[in-house]
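For reference, the structure discussed in these notes is given below.
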Amino acid sequence: MWDSFVQGIGLALSFGTLLMMAIGLFLGIFVGALPGFSTVMAMAILLPISFFLDPLMGIPFLIGVYKGGIFGGCIPAILVSMPGTGASVATTFDGPALTRKKQSRKAMEMALYSSTIGDLTSDVITILAIGPIALLAMQIGPPELAAVILVSLLIIAVTTSEDLLKGLLMMVLGMFLAMIGTDPLGGMSRFTFGVFELKSGIPLLPMLIGVYALPEILLATEHKLKTVGDRITSIGERLTLNELKRCMRTIMRSTGIGTVVGMIPGVGQVVAAFMGYAAAKNASKHPETFGKGELEGVAAAEAANNAVNGPTLVPLMTLGIPGDNVTAILLGAFVAQGLRPGPQLISDQGPLVFAILIAMVVANFLFLAIGYAVIPLFAKVVTIRRAMLLPLTVVLAFAGSYIYRSDPNDLIILVCFGAFGYIARKVKMNVTPMVMGFILGPILEYSFGQTMSMSKGDLAGFIIFDRPISASILVLAPVLIYYLHSRTNSLRKVYVNKDEQNA
Amino acid sequence: MNTQYLACRLTLALLYIPLSLIGITSQAADYPLKPITLAIPFGAGGSHDLNARIFTKVIPKYLNQPVILKMMPGAAGQKGTSAVVRAKPDGYTLLFTDNYHDQLQKYIEYLPYDTSEELITVARTNYAPVSILVSADSPYQSLQDLLDYAKENPGMLSLAHSGNWGAQFVPLLRILLDAEAHMTFIPYKGGGPAKQALLSGDVDVGTAFPSVALPLVKAGIVRMLASAGDTRLLPDVPTFTELGFDDDLGLMQRIVLAPRDIPAEHLEILRSAFSKLEFDDEYQGLMKQIGANTEYLNGSEYEKLRQVQSQRFQALVNNMSADSDNE
């Protein structure tokens, strides 16, 4: 094992590996920054390039695209409140507010540093604990996944909304919207009213852009009619070391959360970013600044969603099981290189496996350098006159929604959700629980359905006697929810008091 | 590694980007004059995606135009399929799908199109045979053992597959109906999670294609009980046919289809281009790397097989509904 590791270091630090990784990162950041182009799409398109390369160039290349793409997603989220994936939803809570405060450069640098730190730490943990993580991943089946998702949904409902009832209402609405289309277990049509276009369900991306970006544009035109010709002349100040230090606790907490979430196959970045954000807000001495342009909020979300990356590769490397679409493409790349991910990969190809893992660690340093270089470029976007920037954002919103599935019907969905998001803002309903219900609802439904089949009719007995992990999560959930609920309530009092003092 | 070799591969890789976009447009012909779109009704990163990335890389050599992939997942493949059915039948829009989505789906639910009437085969690029797996410490040494137990204890065994009415579900259903045995079918989202369910012991029986199954068998983690196809996948594992089962439903056929009203000469050009893949070393090499076979079958041959399959699928679905009515 140790020999393999040492050989791996030598292999990973070759010029070709570093170069291809840098190219991958660069391409990834750009593709990730374009709404509508997902990281998965970019990887699938670039996959054949890796066929021509040596395994130690091809795979780091794709890993570069992956890491770059996830970071790239935070750029439109911060600048124009347009999350390209569910993973950057939590970044839109504070990012756009920072941009309005002319601190977009700070926000992006914070996103870069916290992403890098989160990613690096989780990669190191992954390498050190690859065996235990693989064992843990094996223990997680549908019953455990269902319990984790259920608890996540409850935490989100409790922590996001001012009012628990409103939060639950929006969440249930989201879960209902996700049920439109073909039922994932039985394949039957639900709530489609015979409309063929609805059979494939409501797509996520037009919904995300609709509820987050369009209301932002509408509000901007509404409030700032007088200032529409204004422009911000500078790209804002750089992040200071003190600001980074202040956020270190948050970054480390989010990294821990992200790493744990990454170990549970099937949960993913969306939940991690969200949990990281909620935990940071909960631990903060000034929770009222969250959602109004708090650098810590960006750090919390970005560190957590990037920390997921390392552990998700473990089931792929050790068992050949891809946890999501991205790892499925990596599996394709591995196979095409003549590597068979699975139980024998480490014993047969030890040095190569370690080289790939070490390359992942090294990628973070390259990532830091490349990100540092491209941020001023993106930050320039805010210096475009508002009269130009707003229409451009509208174009981007429509183009992004269309590109995702090349379906003109998605534009109708975009407009509907835009209107819905605008009204929700006006009546002070938070759309985030709805989006989370929409994303996590189908995972819950699927894993619950599987659990029902597995239990062969005796659900309670099956959970209690055969799946202790699932049972303990479910038992602990009410305690956690109660704690969070009372904590959120007491915070709200502080919040109200402070507001009164200010007034 | 010597640097010249490295530089050479790097250049090759980078050259691929513009080449794949522009294609090689030297020869003049009246078809194809512009890039061809190949719709895949499944998600990015699946086996269809991977297969298509390889042949679309090679086929511009024979078509003189690039082939652009368009991933159109949704509604269990119906979204992409209906888009091609509705496309102009000019030979610039093709579909890359499999036999279950092409011929089985229409017997299970109402579809706003009939693939047999509206689509015609350009080529079957290859197929993948399904196999039945149990974990290595399982008491079942043969398919017969397994079926005997399932018959005596209906529903006690659980089986993981990659989705209802999919490539791993249908052949197993067929065998269980023939054997009058009953197991609890548990759907997973694709072959990967289904494989994890078998490995972690969540289910008793698994199904997989060779690229997944063979490494696990070699590692001694699972035991293969039987496989589909005419030839044995492993020397000591019998095929379904040898065991007396009709194996025809156990092969996932990857097929390229075109709208049926495509001009005959355009279809001919496409068919001949795909037929040349059989003798293309680059294609053969890349397909070997991903562990897929290259058992090409030409379009008109496959059309015959397609009809036979369609009848068998229909019989299976009727059989299945009759079975559930009796319960």
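Chain order of the listed sequences is A and B. When you line the first sequence up against this note's numbering, it's residues 26 to 528, in that order. When you line the second sequence up against this note's numbering, it's residues 1185 to 1511, in that order. All residues carry an ideal CB built from backbone N, CA and C; glycine is no exception.
- What GLN1262 of chain B touches in chain A, judged by beta-carbon distance under 9 Å, is THR207, PHE221, LYS224, SER225, going in chain order.
- Approximately 21 Å separates the beta-carbon atoms of VAL1251 of chain B and GLU1302 of chain B; this is outside 8 Å, ruling out the contact.
- With a contact defined as Cβ atoms closer than 8 Å, TYR1480 of chain B and LEU1454 of chain B miss out at about 13 Å.
- Beta-bridge annotation (DSSP): TYR1311 of chain B is paired with B:GLN1437.
- A check of alpha carbon separations from ILE142 of chain A across A:THR476, A:ASN389, A:LEU469, A:VAL500 identifies A:ASN389 as the nearest.
- ASN1502 of chain B carries a helical assignment under DSSP once its states are collapsed to helix, strand and coil.
- Secondary structure of LEU78 of chain A (DSSP, three-state): coil.
- Counting C-beta pairs closer than 8 Å gives fewer than three between the stretch 1277-1292 of chain B and the stretch 1321-1331 of chain B, which falls short of the contact rule.
- Judged by beta-carbon spacing, GLY466 of chain A lies beyond the 8 Å limit of ALA162 of chain A, meaning their Cβ atoms are not closer than that value.
- DSSP assignment within the stretch 1429-1490 of chain B yields the following whole alpha helix (DSSP H) runs of 4 residues or more, N-terminal first: 1448-1459, 1465-1473.
- Counting only Cβ-Cβ distances below 8 Å, GLY1390 of chain B has no contacts in chain A at all, with the closest Cβ about 12 Å away.
- Within chain B, the residues whose beta carbon sits less than 9 Å from that of ARG430 of chain A are MET1255, MET1256, PRO1257, GLY1258, LYS1263, listed in sequence order.
- In its chain, beyond the 5 residues on either side, VAL295, ILE464 have a beta carbon closer than 6 Å to the beta carbon of GLY111 of chain A.
- Residue environment analysis places ASP373 of chain A among the exposed positions, since fewer than 16 neighbouring C-beta atoms fall within 10 angstroms of its C-beta.
- In this structure, the alpha-carbon of LEU243 of chain A lies about 33 Å from that of ILE468 of chain A.
- Apart from the 5 residues on each side of it in sequence, ASP1445 of chain B sits with its Cβ closer than 6 Å to the Cβ of PRO1273 in its chain, given in chain order.
- Each of A:GLY316, A:SER511, A:ALA380, A:LEU229 was checked against the Cα of THR124 of chain A, and the nearest Cα belongs to A:GLY316.
- Secondary structure at HIS1366 of chain B: coil, using DSSP grouped into helix, strand and coil.
- For HIS1345 of chain B, no alpha helix (DSSP H) run applies; the uninterrupted beta strand (DSSP E) run containing it begins and ends at 1342-1345, by DSSP.
- Close CB contacts of LEU264 of chain A within its chain, under the 6 Å cut and outside five residues either way in sequence, are with LYS131, GLU134, MET135 (chain order).
- Taking a contact to require three or more Cβ pairs closer than 8 Å, the stretch 189-204 of chain A and the stretch 299-318 of chain A do not qualify as touching.
- Taken atom to atom, the span from the alpha-carbon of SER1342 of chain B to that of GLY1475 of chain B is near 28 Å.
- Boundaries of the beta strand (DSSP E) around ALA1223 of chain B: 1220-1224.
- In the DSSP assignment, ARG450 of chain A falls within the unbroken alpha helix (DSSP H) covering 434-451.
- Interface residue (Cβ-Cβ distance to chain A less than 8 Å): THR1309 of chain B is not classified as such.
- Chain A places no beta carbon closer than 8 Å to that of THR1299 of chain B, leaving this residue out of the contacts.
- Residues of the stretch 1465-1498 of chain B whose Cβ lies closer than 7 Å to any Cβ of chain A, in chain order: LEU1470, GLN1473, ILE1474, GLY1475.
- Along the stretch 466-480 of chain A, going in chain order, the ones with a CB nearer than 9 Å to a CB of chain B are TYR471, GLY474, GLN475, SER478, MET479.
- Secondary structure at LEU1418 of chain B: coil, using DSSP grouped into helix, strand and coil.
- Within the same chain, Cβ atoms closer than 8 Å to the Cβ of VAL386 of chain A are found at LEU145, ASP148, VAL149, ILE152, the five residues on either side in sequence being excluded.
- With fewer than 16 other Cβ atoms from the protein chains shown falling within 10 Å of its own Cβ, ARG271 of chain A counts as exposed.
- Bridge partners of THR217 of chain A according to DSSP: none are assigned.
- For ILE383 of chain A, the secondary structure class from DSSP, reduced to helix, strand or coil, is helix.
- Against chain A, the CB of PRO1399 of chain B has a partner CB under 8 Å away; the residue lies at that interface.
- Contact annotation, PHE51 of chain A with GLY93 of chain A: C-beta distance approximately 7 Å; criterion of less than 8 Å satisfied.
- Excluding five sequence positions before and after MET46 of chain A, the CB atoms of its chain that fall closer than 8 Å to its own CB belong to PRO85, PHE86, ILE88, GLY89, ALA384, VAL387, ALA388, LEU391, given in chain order.
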